[in-house]
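In this text, residue positions in the sequence shown follow this note's numbering: the first is 690, and each later residue adds one. Where a beta carbon is used, it is the ideal one built from N, C-alpha and C, also for glycine. Working notes for the structure below.
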Amino acid sequence: MSTRRIVPMETTAEQQDVSRLLKQYGCGPIQFAGTDGLYDRHLLFDNVKDLDTVGVRQQYEAFARSVRDVLSQRWLLTEKTYERENPKRVYYLSMEFLLGRSLANNVMNLGLDPLVSQAAKQNKVDLLSLLEQEPDAGLGNGGLGRLAACFLDSLATLQLPAMGYGLQYEYGMFKQSIEDGWQHEQGDNWLRHPDPWEVIRPGEAVEVKLNCSFRLHGGTFQLVRGQASTLLGIPHDRPVVAYGGNTVNTLRLWSASASNYFDFQEFSSGAFAEALADTLAAESLTRVLYPDDSTSEGQVLRFLQEYFLVACSLADLVRRFRRANTEWVTFADKVAIQLNDTHPAMSVPELMRILLDEAHLGWDQAWDLTQRALAYTNHTLLPEALEKWPLDWFEAIIPRNLEIIFEINRRFHLDVQGRIPGDRQYFERVSLIEEGGQRKIRMANLAIVGSHSTNGVAGIHSELLRTTTVRELAELFPERFNNKTNGVTPRRWLLLANPALAHVITEAIGNTWIRDLDQLKRLKPLAEDKGFRDSFQEAKRKAKSQFADWLKTQSGQVVDPDSIFDSQVKRIHEYKRQLLNALRVVLLYNRLREKPDIEMEPRTFFFAGKAAPAYQLAKLIIKFINNLAGTIDGDPIVRGRLKVLFLTDYCVSLAERLIPASDVSNQISTAGYEASGTSNMKFMMNGALTIGTRDGATIEMAEEAGEDNFFLFGLTADQVASNRAWYSPYWHYEHEPETRAALDLIFSDYFSRNEPHVFEPLRDVLLTHGDFYMHLADLKPYLEADRRMMDLYARPDDWVRKTILNVAGSGKFSSDRTIREYASEIWNAKPCPVE
């Protein structure tokens, strides 16, 4: 059993200040924990059961609701402060918010650790078991959603008046299981129990009018053209607690409902299913995160989800604006709307529609306000990820928005003609409309043209975005393009996730780093202090032992905490190159098979991540990793020296355990393809050394810590681009004996003896079809970097020095720094303290 727990990382004096905090929140310790206190009252009255018969799930809900009660007055006061002061407010629109669990995080941010520990002891509650009862909120999948969650934390902690907008998915992406090595997907019904954090506000519902309706036919979601309908957006609010508890912002999530949810006449006539058809169709809109987009039905549903998010959120924020402001001319001075990727790009025509049709402004004024209010963050350089939606769908579902897009494009065309006369092909490249067999709206172009700021999320990403992906648009609007390197919140990813290391740091430099991560620079000279190095190593060993114990308890898998924990955790995609990592393991395995007596430190390789259900090659890569794991486990020659594990159902809670325990972080994307990465920052912050390519934010991380403290390898982004025309993976197969031996072993069915040729598609990817992501080009350099890394590991003092220097260099990668840059350089938003 893991000993991970809620641990207060404040000084003793601050722990003793809990009474002051509780008084500020309007609650005393007895009210929280004592007889007839909040916990007991929730346990009894929410469940209407004898207290001796309630289970651990009910105990969790009672604890969570008690904590929510404590913060509720502060939550109300925050909103009242914003209404009174009328500051410029930030609205962050995202299709994903990968929050993780809330109870421990909220308790930590509120400073209630001693009180909760006391309440658990007084009520004889197993706090560890209680924390495990909370599911990870199924509101996101990967880095995009986790970034949004970190940003919400920083917005609140920096006391910025902000609100997040997303969708209340009933089911997350999916729960991942592994059967015979293959990924299988089951529904992630994270809301099967009541969510104690949410507050449903039906009185603030929003109407969304569409030029079509929907029906469920044969289990599929179908669009009925020409039959207008109205959906209701029901808000579900969740508190976003600042560190210190002074500010409690809101994440508002929309669920879809039918306006006429029940046809009484049909029900009375015996047509029971038909009577509920509209309700079922409407509620299906927010049923699932990322519907399968391999079908047109799934794509239409995704399109509708994006518009629903935009329509509900803009209607709500306009309503908030109008409560305190009478003049539309001040809209962009009071409202900043950040579009997290292209998913909310429909905000451009939707805001124009509101300003033109509801506010009755002229075009020029409406366009000026729209551009000044909106800002766009790009998260990808992959052309297929830059959304393009069929024009026909706009015409069928939201024709007025299409009319507005046409007019934006017409005026944009005139502007481009005036600046670059006679070059029709130039405009075709920057146009909002992609011509061809099926005309489509280019959502990235729409977001760039309709906003005042477009930012990338790492230095190299922003440069490639500007010079390659949307080069012509950047030439037209150079002043709009900027960089905002991503960051992660140190509260969740160090203070909460790694209490042992956080304690070592606080003992050494005090606790100011929690709010100002630049303070970690003060650790740099301590890399030469033997006492600090010993404490640092003890914290890492503790995290590894705790993870090993937790893994055995949860899954029965046994790992050696004295082995090197070598991790790669992220969604499965060819450009992230989990396959390259697996090839490295095959080469190391071959070396041990050929020379069992060679020295090699025991190593455990962890993989985790989900493949999109329709992404067959990604699912095959998962299968290969699992077969590789099984083969190595069954080989007595390497037992105890190499071990591979694929950790199923990767989520925030798993990351919070694995990242602090990891010695090595693999960030090995093909250079020029990873926008930023944020798991790389979490590993660095927790004392793992990075082996990786010069891609995304890894470049800046190496600059901060010093390249000598990283293990960089492989082609640069420029080399990838320039080598593309002549690159041949066969050269590496023919001239690198270890590479050839590894591939031959795979294609000989050595790892698939009972499934002949199952991995033949990997031959197609790596050899026949040209190895687009250049795995083989980087394989030998990867092994050379791995050798350098292992040489260092053999010198423990030198290894821990570099890990300390990595932590000391991680201060730049706090989401607090990122949000300060957004606030000052894009939003012009200022703190609004809650007194």
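Residue i, DSSP secondary structure in three states
i            : result
residue 1090 : helix
residue 1341 : helix
residue 1534 : Here the chain has residues from 690 to 1524 only, and residue 1534 is not among them.
residue 731  : helix
residue 1381 : strand
residue 1355 : strand
residue 1145 : strand
residue 778  : strand
residue 1508 : helix
residue 896  : strand
residue 962  : Note on residue 962: pLDDT 47, under 50, position unreliable in the model; the coordinate value appears next. Residue state, collapsed to three classes: helix.
residue 1596 : The first residue shown for the chain is 690 and the last is 1524, placing residue 1596 beyond what the model contains.
residue 1515 : helix
residue 1503 : strand
residue 1401 : strand
residue 1066 : strand
residue 1261 : coil
residue 764  : helix
residue 743  : coil
residue 1035 : coil
residue 848  : coil
residue 814  : coil
residue 1524 : coil
residue 880  : coil
residue 1183 : helix
residue 784  : coil
residue 840  : helix
residue 737  : coil
Residue j beta carbon less than 8 Å from that of residue i
i            : j            : result
residue 847  : residue 779  : no
residue 1462 : residue 1304 : no
residue 1026 : residue 1063 : yes
residue 1003 : residue 1086 : no
residue 1248 : residue 1332 : yes
residue 842  : residue 1503 : no
residue 1326 : residue 1475 : no
residue 1429 : residue 1422 : yes
residue 1431 : residue 1184 : no
residue 829  : residue 785  : yes
residue 943  : residue 998  : yes
residue 892  : residue 1001 : no
residue 886  : residue 928  : yes
Bridge-paired residues (DSSP) for residue i
i            : result
residue 901  : 914
residue 940  : 853, 927
residue 1079 : 1129
residue 1254 : 1293
residue 945  : 922
residue 977  : 860
residue 1170 : 1143
residue 1123 : 1129
Element boundaries [beta strand (DSSP E), containing residue i]
i            : result
residue 630  : In this structure the chain extends from 690 to 1524, so residue 630 is not present and cannot be described.
residue 1247 : Here residue 1247 belongs to no beta strand (DSSP E), and DSSP marks it neither H nor E.
residue 1175 : Where residue 1175 is concerned, there is no enclosing beta strand (DSSP E), given that its DSSP letter is neither H nor E.
residue 1293 : 1292-1297
residue 865  : 864-868
residue 1334 : 1331-1336
residue 875  : 871-875
Where the alpha helix (DSSP H) containing residue i begins and where it ends
i            : result
residue 1056 : 1052-1062
residue 1371 : 1368-1374
residue 1482 : 1464-1482
residue 1437 : Counting along the chain, residue 1437 falls outside any alpha helix (DSSP H), and DSSP gives it neither H nor E.
residue 1286 : Premise fails: residue 1286 is in no alpha helix (DSSP H) and is neither H nor E.
residue 1194 : 1188-1198
residue 1492 : 1485-1497
residue 1392 : 1387-1394
residue 932  : Element bounds for residue 932: n/a, residue is neither H nor E.
residue 1450 : 1449-1452
residue 1162 : 1160-1165
residue 1362 : Counting along the chain, residue 1362 falls outside any alpha helix (DSSP H), and DSSP gives it neither H nor E.
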